[in-house]
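Residue numbers (my numbering): 35 to 576.
See the structure below:
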């Protein structure tokens, strides 16, 4: 990648390598590649890259992907669809009390996946039956043989487990959000939703639902009121959680005290949501803890001192962290301390220095967060807004054309780079004329004989029949208007392998045509992996 320096302001393009067990690493690797798109495209189109010989096959395939605009469109669509799930992962991995936000972020992520359904079900953009040869897979494998064997065994076990499911006449995933996918779902939408739905029950447990309805953040309160209204199963889960939290009263089950406290909890929760009773004090909800979503701190200040049951329950459920991110960062700090020449320090010394190092990191992070949480400022990424669904992540700062990526992909046009058996240029019938226009019409080629070189377009409406020559394609120059006064600008091109087809396949086709070139040897071999994109031909002419 040293050649990329000349196309990236003197800096080598560094791509990230993802880890198999880390969803975030795949996301960041694709985002990094998208940011460096211009530099990568300039590199693989440079003269020095073209002159390089004996490149490994997977490097050649990677270069072909870089040249393909559809590849970048796929990356953008996947990133945009999975971005809310990444936010959910970051929320769960933080060392802040975020239990009250888990259900809310899961809800928003599911809604966003449904909005991305049309793109993820596009078979042209996201083919569900895409497969690669064993040689290609082996060439691109970096893992050891033992790891590959383990993956194969896991895949076989998964196939055995899902045999009964595959035998069902109708397959669907259905929950309180409704039917998300069925056996008619296309593209990769079904796979993405299945992967997310499989883990959703582990996130939407009774403790998370109870914290969700006790959240003090205004947008979460509004969503909670809608989610629990008429939702009997969720309300039962919340009630079971409240009963367990009140189980310290051993005699409460016998004399009915716990039942009365549960009933009082629902009354106080209703007052909290509607801001009535003790919560009819607008000044409480103007607190920065309310605006920033510090539910545990807010409940400790206000509701715990003015309610009998709700405040205590809310303090307990909203004060919990959501994952082991803090423990992982503590272990990372210990490894930072015990490294190099200090790798032999004793346990007691490591414990003390690790505590100091971790405390300092936490303090610096807290100072930065406090600066962001000043009045009139929200913590970036802490509040769900429209930017989460638009997904830009400041990509425009890196020269990424977001408008181009957001454009819908047109139907893929397969162009066979040879004169096919059905093409009879001497057939004057309307059927043959229409079929020839459908194959060649609208494609472009560069007229190298003109000075300067001119890009011509094959007419989509006109063919010229020449005696003893048959049908000829009609090429239109850029200045052609078509009002009848400039017919002399048109040129006739012979429909042969050596003339028209050679001109078309050696010219970069416009992105909006979405042209795919297929050569005759690929047709005879029944291969599809070697199909070249019409906008990434080997000999490009601009």
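Note that CB positions come from ideal geometry on N, CA and C, so glycine has one too.
Residue i, DSSP secondary structure in three states
i	result
residue 374	helix
residue 552	strand
residue 460	coil
residue 524	coil
residue 62	helix
residue 254	helix
residue 495	strand
residue 237	helix
residue 309	coil
residue 531	helix
residue 397	helix
residue 582	Absent from the structure is residue 582, since the part of the chain shown begins at 35 and ends at 576.
residue 588	Here the chain covers residues 35 to 576 and nothing more, so residue 588 does not appear.
residue 488	strand
residue 500	strand
residue 8	In the structure as shown, the chain starts at 35 and stops at 576, and residue 8 therefore has no counterpart that could be examined.
residue 545	helix
residue 133	helix
residue 123	helix
residue 602	Summary: the structure shown does not reach residue 602, with the chain confined to residues 35 through 576, and so no result is reported for it.
residue 328	coil
residue 364	helix
residue 517	coil
residue 379	coil
Status (buried if at least 16 other CB within 10 Å, exposed otherwise) for residue i
i	result
residue 316	exposed
residue 414	Since pLDDT at residue 414 reaches only 46, below the 50 mark, its modelled position is unreliable, and the value read off the structure follows with that caveat. Per the 10 Å Cβ criterion, exposed.
residue 294	exposed
residue 51	exposed
residue 123	buried
residue 150	buried
residue 118	buried
residue 53	exposed
residue 541	buried
residue 70	buried
residue 84	exposed
residue 144	buried
residue 470	buried
residue 48	exposed
Element boundaries [alpha helix (DSSP H), containing residue i]
i	result
residue 601	Outside the displayed span of the chain (35 to 576) sits residue 601, for which this structure offers no information.
residue 90	No alpha helix (DSSP H) contains residue 90, which DSSP labels as neither H nor E.
residue 448	Here residue 448 belongs to no alpha helix (DSSP H); instead the beta strand (DSSP E) covers 447 to 450.
residue 319	Segment: none, residue 319 is in no alpha helix (DSSP H) and carries neither H nor E.
residue 143	136 to 149
residue 271	266 to 279
residue 248	Where residue 248 is concerned, there is no enclosing alpha helix (DSSP H), given that its DSSP letter is neither H nor E.
residue 15	Past the edges of the chain, shown from 35 to 576, lies residue 15, and the structure says nothing about it.
residue 537	536 to 539
residue 74	71 to 78
residue 82	81 to 85
residue 56	Looking at the DSSP string, residue 56 is not in any alpha helix (DSSP H), and its letter there is neither H nor E.
residue 351	344 to 352
Enclosing beta strand (DSSP E) for residue i [first to last residue]
i	result
residue 505	504 to 510
residue 478	478 to 481
Spatial neighbours of residue i in its chain, beta-carbon cut-off 7 Å, leaving aside the 5 residues before and after
i	result
residue 475	492, 493 and 494
residue 313	305 and 306
residue 332	250, 321, 323 and 324
residue 262	247, 268 and 269
residue 257	138 and 141
residue 283	291 and 292
residue 223	151, 154, 155 and 215
residue 334	349
residue 237	136 and 140
residue 100	74, 75 and 78
residue 395	367
Own chain, CB closer than 8 Å to residue i, minus 5 neighbours either side, in chain order
i	result
residue 254	134, 135, 138, 246 and 327
residue 339	345
residue 125	132, 135, 136, 139 and 356
residue 15	There is simply no residue 15 to check, as the chain begins at 35 and stops at 576 in what is shown.
residue 488	480, 481, 511 and 512
residue 342	295, 298 and 302
Residues near residue i by beta carbon distance below 6 Å, same chain, minus five either side
i	result
residue 61	120
residue 585	Residue numbering for the chain in the displayed model covers 35 to 576; residue 585 lies beyond these limits and cannot be assessed.
residue 516	none
residue 63	50 and 52
residue 59	52 and 53
residue 577	This structure leaves residue 577 out entirely; the chain is present only between 35 and 576.
Minimum Cβ-Cβ distance from residue i to chain C less than 8 Å
i	result
residue 159	Absence of chain C from the displayed structure is noted, only one protein chain being present.
Practice task
Pair every Cβ in the stretch 273 to 280 with every Cβ in the stretch 308 to 323, then say whether three or more of these pairs are closer than 8 Å.
Solution key: no
Exercise for the section: Mind the definition here: the stretch 466 to 479 touches the stretch 535 to 546 only if three or more C-beta pairs lie below 8 Å; say whether that holds. Expected result: yes
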